[in-house]
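Some notes on the structure that comes next.
In my numbering, the protein residues as written are -3 to 98.
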């Protein structure tokens, strides 16, 4: 019997919304304007449709008093969990490596 897939960790956008925006009483649009980012891009991050890039991590860290490593680590943890879940459903085939030339 196959065990159920573990739940994914929170997307960094969820963390941003619940731990920072809601606590600060700030909207996604307000934060986007403050850090020089298009509001639509920030909304996509908040709803989990877009990943947090290194550039965005730097901007968030500077505005929110965190570190860029926090945001990058949250994104990496989410990405790895997502890929792990996908691999459990259908493991990838082993790529064929080119033969070494002699």
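No residue lacks a Cβ here, since even glycine has one placed at the ideal position from N, Cα and C.
For clarity, every value in this text was computed on a predicted model and none was experimentally measured.
| Asked | Found |
| --- | --- |
| Kindly indicate if chain C contains any beta-carbon less than 8 Å away from that of residue 6. | The structure shown has no chain C; it contains just one protein chain. |
| Suppose you measure from the CA of residue 3 to the CA of residue 30; what does that come to, to the nearest Å? | 33 Å |
| Within a Cβ cutoff of 6 Å, which residues of the same chain sit near residue -3, ignoring the five residues on either side of it in sequence? | Its pLDDT being 43, under 50, residue -3 is placed unreliably by the model, and the measurement read from it follows with that caveat. Answer for residue -3: no residue qualifies. |
| Which term fits residue 58, buried or exposed, when burial requires 16 or more other beta carbons within 10 angstroms of its beta carbon? | exposed |
| Assess, as a yes-or-no matter, whether the segment 62 to 71 is touched by the segment 79 to 93 under the definition of 3 or more beta carbon pairs within less than 8 Å. | no |
| Since residue 71 is in the alpha helix (DSSP H), which residue starts that stretch and which ends it? | 64 to 85 |
| Using the C-alpha atoms, what's the distance from residue 46 back to residue 64? | 17 Å |
| CB-CB under 6 Å to residue 25, same chain, minus the five flanking residues each way: which ones, in chain order? | 35 |
| Please report the residue range of the alpha helix (DSSP H) in which residue 60 lies. | 50 to 60 |
| Give the secondary structure of residue 21 by DSSP, where H, G and I count as helix, E and B as strand, and everything else as coil. | coil |
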